[in-house]
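Numbering (the UniProt record's numbering), first residue to last: 1 to 552.
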């Protein structure tokens, strides 16, 4: 049975009942139909004990599938079955991968958040609000230049791009303002995907409305002819942009198939953005539940590193346990097995590919946080392969538990939940990867050598010039958000497993002062993806009775 069919056959609780289960009153939510709601801000402070935060991450993704969101949901449901008050905090899906190749972000099988069709499509309109806010700012920048340009903005140095929440390679590089004097000032421009925008990062890091406005005001949209940065505050439109995000800032409340309350809010990609759901989502879950299960995008080298180095300091809490999701299939692919051969038992390939998992275990333990491996079971996995993978994890002193969450939901993760809950009781002494006063180059070097397992960093001439400029502007102590391929620990997507002695190539930096970090663009990573040869959209349809089909 397909994921969408399982979801459509489920019986959802009214969202007011889910809210009550989470500890929210009907007055503390704004309903978006019977099964979705926004949580009003600010949340009334509850009496609480010491909450536990569990961060879900994974090995580097492969076409074989890892199922991080599925295990996240399954673990949350399993903790609920053990009698622990639990909430799940996930990212919102982007229409880019939904219509493209990767798929949705609501889990799968019997470990899903619902209503999955709504969440994977327009949900509560957050993506549209972010797109509108971003593009309103772009229009205001171009209008300012056209209407006399009081701020002396150099149209050749406008860095604020337009965005669209769909993969559209044709929009990566465009020219605007053509058609004559009344059409604006011609200049080169381009589109990013919405989830890569600074507006998304700001929404996900803002603590409240005032913090949101402060961050929006600090956005650098471009530079003057004498190369001075120009901010949104200087344009005088901070309030207008914040106004467009007033509802999007509120976390979204939904439920799992097993009725565990779930917050789905914010959706930056981890390969081109910081990869974590919103601070408000995670903080709200921590406020309401004893156990919060949250996830970071893609592998531990991207999403988890950014959670620990960018989000956790803003959240004010580090995870009590990090769970790394791995599959026999993905590790065999990392060991050199072709996708069409993955159903055949191959212990040697599994052992080779497990070097990728061991690299991630080492990098996560480096932060001083306990690690557990969740082996997401697929039907073709053999007993020998599963036992081999558990034994491999034991060699690096890491517990590994097999979970069948796709087929059994929370019941298939009860052992995992028990191990994770026990691990959460261990003391945590966080060892930060880098200090605030470290230079940008020092921070990147630490990420490359201690998280990726690389040897060196090479900066392009443009990147070196930018570093000198950032130092003059006082931006050289900000955290770093690495934009890197998700498929490899290196910047070469074809280098699977655990490559060594590689160099990361930084071609350009993008300052995101509102988000509070500097993006380092590496390799050939793109901030506007393209659609595959056969997009997932080609298999989707809407029946005459309104039933959605083909959505996974």
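Even glycine gets a Cβ: it sits at the ideal position worked out from N, Cα and C.
Helix, strand or coil at residue i [DSSP, three-state]
i: residue 441; result: helix
i: residue 183; result: helix
i: residue 164; result: strand
i: residue 470; result: helix
i: residue 606; result: Given that the chain is displayed from residue 1 to residue 552, the structure contains no residue 606 and the question cannot be resolved.
i: residue 62; result: coil
i: residue 408; result: helix
i: residue 533; result: coil
i: residue 217; result: helix
i: residue 92; result: coil
i: residue 159; result: coil
i: residue 210; result: helix
i: residue 118; result: helix
i: residue 428; result: coil
i: residue 222; result: strand
i: residue 11; result: coil
i: residue 70; result: helix
i: residue 485; result: coil
i: residue 81; result: helix
i: residue 538; result: helix
Same chain, Cβ closer than 6 Å to residue i, five either side skipped, listed in chain order
i: residue 291; result: 52, 79, 84, 86
i: residue 251; result: 39, 263, 265, 280, 281, 284
i: residue 521; result: 483, 507, 508
i: residue 178; result: 186
i: residue 405; result: 70, 71, 74, 111, 412, 413
Run of the alpha helix (DSSP H) containing residue i, from where it starts to where it stops
i: residue 146; result: 126-146
i: residue 200; result: 198-205
i: residue 99; result: 95-99
i: residue 8; result: 3-8
i: residue 384; result: 383-395
i: residue 418; result: 414-423
i: residue 15; result: 15-22
Same chain only: Cβ atoms within 7 Å of residue i, ignoring 5 sequence neighbours per side
i: residue 160; result: 137, 138, 141, 221, 222
i: residue 315; result: 279, 282, 283
i: residue 198; result: 219, 512, 514, 515
i: residue 346; result: 332, 337
i: residue 350; result: 328, 331, 332, 335, 385, 388, 389
Where the beta strand (DSSP E) through residue i begins and ends
i: residue 508; result: 503-512
i: residue 245; result: Taken as a continuous stretch (DSSP letters only), residue 245 belongs to no beta strand (DSSP E), as it is neither H nor E.
i: residue 55; result: 52-58
i: residue 113; result: 111-114
i: residue 521; result: 517-522
i: residue 192; result: 191-193
Buried versus exposed call for residue i [16 or more other C-beta atoms within 10 Å across all chains shown]
i: residue 66; result: buried
i: residue 225; result: exposed
i: residue 488; result: buried
i: residue 490; result: buried
i: residue 471; result: exposed
i: residue 431; result: exposed
i: residue 458; result: exposed
i: residue 18; result: buried
i: residue 451; result: buried
i: residue 173; result: exposed
i: residue 436; result: exposed
i: residue 311; result: buried
i: residue 115; result: buried
i: residue 397; result: exposed
i: residue 228; result: exposed
Sequence-distant residues of its chain with Cβ nearer than 8 Å to residue i (five each side left out)
i: residue 333; result: 62, 63, 64, 339, 342, 353, 496
i: residue 152; result: 224, 225, 226
i: residue 88; result: 72, 73, 76, 113, 256, 260, 261, 262, 263, 285, 292, 293, 294
i: residue 438; result: 446, 477
Inset, instruction - With a floor of 4 residues, list each alpha helix (DSSP H) that falls wholly inside the region 292-380, ordered by position along the chain. - result: The region 292-380 contains these whole alpha helix (DSSP H) runs: 312-315, 328-334, 347-365.
Inset, instruction - For the region 224-280, list the alpha helix (DSSP H) runs that are entirely contained and at least 4 residues long, ordered along the chain. - result: If we require 4 residues or more, the alpha helix (DSSP H) runs fully inside the region 224-280 come out as 232-235, 238-244.
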